[in-house]
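Each residue of the sequence shown is one higher than the one before, starting from 2 at the first, in the working numbering.
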Amino acid sequence: MQKQAKVYVAGHTGMIGSAITRRLREQGFNNLVLRTHRELDLCSQTGTETFFATENPEYVILAAGVVGGIRANSEAPVDYFINNMSIANNVMTAAHRHGVKKLLYLGSACMYPKNCQQPMTEDMLLTGTLEFTNEGYALAKICGSRLCGYFNRQYGTDFISVIPSNAYGVNDCVDPNRSHVIPALFLKFYQAKQAGQKYVKLWGTGKALREFIYADDMADACIFLLQNYSGSEPINIGTGNEITIMELTREIKKIVGFEGDILCDPSKPDGMERRIVDIKKISELGWKANIPLEAGLQRVYDWLLKVGKWQEENPRE
Ligand SMILES: NC(=O)c1ccc[n+]([C@@H]2O[C@H](COP(=O)([O-])OP(=O)(O)OC[C@H]3O[C@@H](n4cnc5c(N)ncnc54)[C@H](OP(=O)(O)O)[C@@H]3O)[C@@H](O)[C@H]2O)c1
């Protein structure tokens with residue numbers, strides 16, 4: 002990939018898309034093509050087709066998608082399914098038609114079956130039932146990932162798909178109805194500190210084990226794979242490190258400086274006991290994550306303090 006190559010980052014205002022854009026610029030890629038959602042709705046087939054015909058990008062990183070927490074996913078499965086399917090269909094069809102050299106599609110660890118053996122290896126996809134609450138999203142992501150392979154098989158394209166574990170970072174969504182666990186916990190502790198609360202209540206027992214990757218590490222992995230991996234099999238991106246939800250909660254409490262207690266509510270569900278992606282494949286290619294969780298969490302907190310809009314739907318830069 003030449004530094005002057007024309008790279009289209011779809012979804013560059015999002016958490017992962019913005020991290021990828023930052024990392025590409027840091028590495029000297031200076032011919033990026035960017036469109037906000039408002040400027041180009043990738044659910045529109047004609048809009049997407051016209052954009053590719055006009056801009057002719059050489060490389061595409063598909064980080065646009067509709068992403069949300071458990072509640073939003075279970076209340077609006079149609080939106081999560083149709084929008085994510087449309088984005089994948091429209092972008093890949095146009096990318097193939099206009100001779101894109103390589104495309105990277107971002108899948109999600111939700112694509113793995115609900116009761117998957119841990120750590121989850123790439124060959125475990127489609128071996129079991131999906132988690133029901135986000136099945137619409139997960140199915141759309143599986144279709145997107147498979148579609149990369151289908152294009153490769155039928156048309157000889159070079160489309161790859163990646164399966165990152167839970168990502169966190171600056172520009173994450175902090176809307177309480179859509180947010181992931183890390184921004185949700187920061188918000189909880191920040192508000193508790195402001196209100197002088199004596200305790201913060203945690204859903205479940207806190208014993209569930211999870212893996213988190215900082216968005217900039219994930220961005221680095223995507224750019225690395227774009228340059229060093231080809232194939233129709235998806236490839237996991239993770240850190241190889243796990244942490245219990247309780248340990249994560251304590252770390253966030255410490256960063257925020259909340260002095261009260263953490264109380265568990267075991268009547269609420271923990272979700273899966275353990276969820277981690279297997280990173281053998283990407284490790285063998287020579288990539289590893291290098292931003293420790295504590296450092297990444299501190300950066301997120303600094304960003305939240307800087308934007309200072311804890312209650313707003315979208316404080317993105
Ligand atoms: N966050 C994670 O933990 C995680 C983990 C694994 C994989 N992923 C995958 O990575 C991708 C990006 O995730 P993220 O966390 O960065 O999500 P995000 O912060 O919500 O960003 C999504 C981006 O897509 C844009 N977008 C949504 N619908 C669009 C449309 N119809 N046309 C054009 N742009 C559209 C959004 O723009 P607006 O905000 O203006 O709508 C935003 O720029 C997703 O495909 C997701 O499945 C995320």
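We treat Cβ as the ideally placed atom computed from N, Cα and C, and that holds for glycine.
The structure displayed is predicted, hence computed values, not measured ones.
- Arg-275 is bridged by DSSP to Leu-210.
- Counting C-beta pairs with one atom in each stretch, the segment 235-246 and the segment 156-164 have three or more that are closer than 8 Å, which means they touch.
- The segment 48-66 and the segment 196-212 do not touch, with fewer than three beta-carbon pairs separated by less than 8 Å.
- Of the other Cβ atoms in all chains shown, 16 or more fall within 10 Å of the Cβ of Lys-103; this residue is therefore buried.
- Taken in chain order, the complete alpha helix (DSSP H) segments of 4 residues or longer contained in the segment 139-216 are 182-196.
- A check of alpha carbon separations from Gln-155 across Glu-260, Ile-224, Arg-98 and Trp-304 identifies Arg-98 as the nearest.
- Within 7 Å of the C-beta of Gly-18 there is at least one heavy atom belonging to ligand 1.
- Under the three-pair Cβ rule at 8 Å, the segment 264-281 counts as touching the segment 112-126.
- Taking each of Glu-76, Gly-261, Ala-77 and Phe-225 in turn and checking the Cα distance to Gln-198, the smallest one comes out for Gly-261.
- Ile-263: member of the beta strand (DSSP E) spanning 262-266, first to last residue.
- Taking C-alpha positions only, Arg-72 is separated from Glu-132 by approximately 13 Å.
- Ligand 1 has a heavy atom closer than 7 Å to the beta-carbon of Ala-64.
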